[in-house]
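Numbering follows numbering that gives the first Met the number 0, with no gaps: position 811 of the sequence shown is 810.
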Amino acid sequence: MRSDDDQAAGSLGRVTVGLPVYNDPRGLRTSIPTVFAQSWTGPIRLVVIDDGSTDETPSVLDELGEYYGGIEVIRNQRNRGRPAARNQILEAAGDDLLAWIDSDDLWLPRKLEFQITALAAAERAGDVAVLCTAPFRWVYTDRQQERVKSPAVEGDQLYNALVGSLYPYLWAQLGRAETYRAAGGFDERLARRQDYEFFIRFLAGGGRVVSTAPGVPLCTYLKTDVGRSASEVAAANAVIEQKHRAVYRRYGWRFALQGRQKHHQLVARFHAHNGAIARSWIARARARALGPLLWARRPGEFLPAAKAWYWRGRRAVFRGRRHLLRLLRLLRTARRRMLGEARRRARRAAELLSRPLGRSPGQAVNALAQRQVREQVGSWRRTLPTEEVIARTGSLVETMSDVDAVAIWLQLERGYREDRRLWSARQAIDAGRARDPEDAALAMRSIELLALERDWQQCVADWEAATADSRAEARAITYVRVSRAYRQLGSPRSALEVAEAGLQHFPDDERLSSELRRARAVTTRWSEISVPFAQAPTVGEVTSLGFLSGSPEPLRGSLTTDADPEAPIVLLLNGEPIARTYAAPPADDGAPAFSMNCSQLTEFLGDEDVVELRHATRPIALGGGSTALRFVPGFPSHAAEVTERVARGHTFNKFGQLRSGNTTARKRAILDLYGQIEDLLAERLELTCYPFYGNLLGAVREHDFLGHDVGGFDAGYLSPERDPADVRAHLLTVCEVLLEAGYHLTVEPWSVMIRERQGEELFIDLNFAWVGDHGGLQLSYGWRYEPVTDIDRFRAERWVALADRCVRIPGNAEAVLGQLYGSGWLVPDQGFQLEVGLQRDERFLLTTQELEALLATRPDQVRVRPTTEDDE
């Protein structure tokens, strides 16, 4: 059953998309695919005005027209300018709905769907001319900055447009073509800012603007001031000020002057970014010259009353004199205190020197020898191969009987471990235990290393074999790692016992407290200690509580058919939002379904914590008609930690774990690492890298990172080989190149995780693809749907915005996403599980022997994992 707005939206007819272009073939490859990747299922026609292009733009238009269809090209013999091209589009649009896009700008897949629904609702509510705008991502490609901007449609819309909070950008708009024509079209005198001038004219004439949901961007503007003519902007500003002087003066003469001042500042910015510093200064001077006028009491006065300013100046001077005298007094007081402290320290030093030494000369000599040995071993560790360091250290501690050999081996292990060289750390511990097999400290350190090496079975076996005296040497981190080993082996009760024992020795250790909560979350029967309560009219129901019942599965549910598809589904903990997702209708067009994975949440739940689920402002039933669950597990709540971490930008990843969010700095750091890998493989192996899997989905659907892919960046390349052995050999060559460049690798049969240092939270997850026996695209981690066969189109790369960068993606990226996720890839689904129904060709994946051979070549730079697991 469809809502009234959906039915009205479906009756609005065809959408014409207008795109003026002049000498921008790369921009066409960027923008046109986003028009034909819309979730809107109605008819779409793209009208392109080729405004006298003299490069390969016409041939690119022909190529894209053959691939997509539905493109109508109108070619001008000479360049008439963008306003004239836009007016040509108005003529060609007829009675259609009209949307706009410029070459090199991007739509998100649900732009038309959401805007058509919002426009239909607005037209049903009134009879005035209406345009629909939307929030957008604003990406400065020349400064690597990004932000999301939402138009201010509340209040006086004309005022908002004049002050710049209701944005006039056409590529964010949708309306009827007749609405644009009735407002007079575009002023062809304006080489720049014709959209701004039209917007003022439209609103001043009584038009109204509506917007889709704030904060949910539907398009991306790739912004740069470089190459834009400041002179054209200045000329356009002059025409706009003259043409709309009366509009500006509706809000007073001072407001009009402020508008002129902003226009000069805009011109100054364009001049500065294009290197015309002198002209930028002139424009800034013109803007500043208007300052005194803005302070005037009435028009015609250039300065306020001189007498008032004179007395204000005198008062300011005398206030400053009083503050200066007070500062001098404070400085004198501080100087006296500093001198007194120096005298006290001198007396204390004299007392210490007069006391006898606290240790014998022999002890002092031994301490000096121990320090010298440590320094020598540390120097060897930084410069020599591991085997040689182990041999020299063994010889040294044997010849110096007064040196604490165990301390030296522990120091060497610690140095290697801090350098993320686990194999070398293991060699140091094994060498120490070979010389002193009964030492408890070395035994406990060996157990810790086994956990870091993910040898869970041996870690638990050594712990259980250790004596009580040996366990007395265990550190807090020893208990943490042993407890984790038990959890990994499916023994949460034993993990809980180890964590509790550790807290008896180290009651204030935060790591042990966290480990205790993890173990306790697994052993608690959450379905038995949750109390349903509160009832209200709902907009949907949960069909499976998933993680809220102690299951590792996501929470799943469905909405009623009249629910707003644009609104998010929000999980609330004690009234505070901590996670969100969106619903998507299933293939049979039934009720919208959703899922959400926040499995780590149970580690923080305690007595009297309340969980709710809401869609917009309406609750979703959590079972038995109740709209909330209260938990009474019998231990204290740590819910405040969740809300505090979410407020700092943490988010639940695809494993349901709460991890650091993708802040702007984090995005830049991982994109810098991706750029390094991309350049290295292009230079050494002539490979082109693309975002893969979740990051390809984010690049196409949001033009941003996906929240559940925190930490890793899914990337990949198309292998030039087709034979299974050759594809694997080529991947090993890629690994060799990365190792030679100094990167640390965690290698799985289907991918390579690339870090600058082992243990770093940020990494590139490099997958690979190849062309299969039947000409279809196959991907190393796997796929679920019909393979893409247009490999030439795959190689015809295009560029999209990803956070604050432009990155390459395959030319048919939408088809690749369909192969991975099916037609539902357009709609966010936090609980989606790619592994369900996954197809994978094992012949092309690295074998165990190949993984072990790679590990043997560089044991300190390589780790191997035959299966996927989440890094805690």
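Ideal Cβ positions, reconstructed from N, Cα and C, are used throughout, including at glycine.
Which runs of the alpha helix (DSSP H) fall wholly inside the stretch 638–715 and span at least 4 residues, in chain order? 638–646, 663–684, 692–700
Identify every run of the alpha helix (DSSP H) within the stretch 177–211, keeping only runs that are complete inside it and at least 4 residues long; order them along the chain. 193–203
With distances taken between CB atoms, is the gap from Phe593 to Thr580 smaller than 7 Å? yes
Which residues share a DSSP beta bridge with Pro531? Leu628
Between the Cα of Asp563 and those of Ile446, Arg617, Asn573, spot the shortest distance and give me the residue it belongs to. Arg617
Alpha carbon to alpha carbon, how far is Arg862 from Leu853? 9 Å
Taking 6 Å as the limit between beta carbons, can you name the residues of its chain near Ala84, skipping five residues before and five after? Pro19, Ile48, Asp50
Assign Arg783 to one of three DSSP states: helix, strand, or coil. coil
Compute the distance between the beta-carbons of Pro786 and Gln818, then report whether it is under 7 Å. yes
In terms of residue numbering, what span does the alpha helix (DSSP H) encompassing Ile115 cover? 110–124
According to DSSP, is Leu511 part of a helix, a strand, or is it coil? helix
Give the DSSP-derived three-state secondary structure of Tyr220 in the structure shown. strand
Just verifying my parser: in three-state terms, what is the DSSP assignment at Leu256? helix
Local Cβ density within 10 Å of Ala754, reported as buried at 16 or more and exposed below that: Looking at the sequence provided, one finds Arg at residue 754 rather than Ala. Under this definition Arg754 is a buried residue.
Please go through the same chain and pick out, in chain order, the residues whose beta-carbon is closer than 6 Å to the beta-carbon of Arg191, but skip the five residues on each side of it. Glu231, Val232, Ala235
In whole angstroms, what is the alpha-carbon distance linking Gly154 and Leu657? 39 Å
Compare the Cα-Cα distances from Ala98 to each of Thr15, Pro167, Glu499, His773 and report the closest residue. Thr15
For Thr745, the three-state DSSP class (helix, strand or coil): strand
Return the residue from the list Ala802, Glu841, Val746, Leu845 that minimises the CA-CA distance to Pro858. Val746
Would you say Gly693 and Asp671 are within 7 Å of each other, going by their C-beta atoms? no
Own chain partners of Ala42 with C-beta closer than 6 Å, once the 5 adjacent residues on each side are dropped: Correcting the residue identity first, residue 42 is Pro in this sequence and not Ala. For Pro42, where only same-chain residues beyond five positions count, the Cβ hits under 6 Å are Arg13.
Quick one: any contact between the stretch 256–268 and the stretch 169–182, if contact means 3 or more CB pairs under 8 Å? no
Any chance the stretch 734–743 sits against the stretch 770–789, with 3 or more Cβ pairs inside 8 Å? no
Once the 5 residues before and after Glu55 are set aside, which same chain residues still bring their CB inside 8 Å of it? Pro24
Under the three-state DSSP convention, the category Glu145 falls into: strand
Around the C-beta of Trp280, are 16 or more other C-beta atoms found within 10 angstroms, so that it is buried, or is it exposed? exposed
What residue range is occupied by the uninterrupted alpha helix (DSSP H) comprising Pro32? 24–34
Give the single residue among Gly605, Asp508, Leu612, Phe197 whose Cα lies nearest to the Cα of Gln534. Leu612
To which residues of the same chain is Glu851 closer than 6 Å at the C-beta, ignoring the five residues directly before and after it? none
Beta-carbon proximity check, Ser102 vs Gly26, cutoff 7 Å: yes
Going by other Cβ atoms of all chains shown within 10 Å of its Cβ, with 16 needed for buried, is His773 buried or exposed? exposed
Straight-line Cα distance separating Ala855 from Thr29: 44 Å
With DSSP as the reference, label Ala566 as helix, strand or coil. coil
At least three beta-carbon pairs within less than 8 Å, the stretch 165–175 to the stretch 129–140: yes
List in chain order: all unbroken alpha helix (DSSP H) runs of 4+ residues lying wholly within the stretch 374–445. 385–398, 404–417, 421–434
Three CB pairs or more closer than 8 Å across the stretch 539–555 and the stretch 200–214: no
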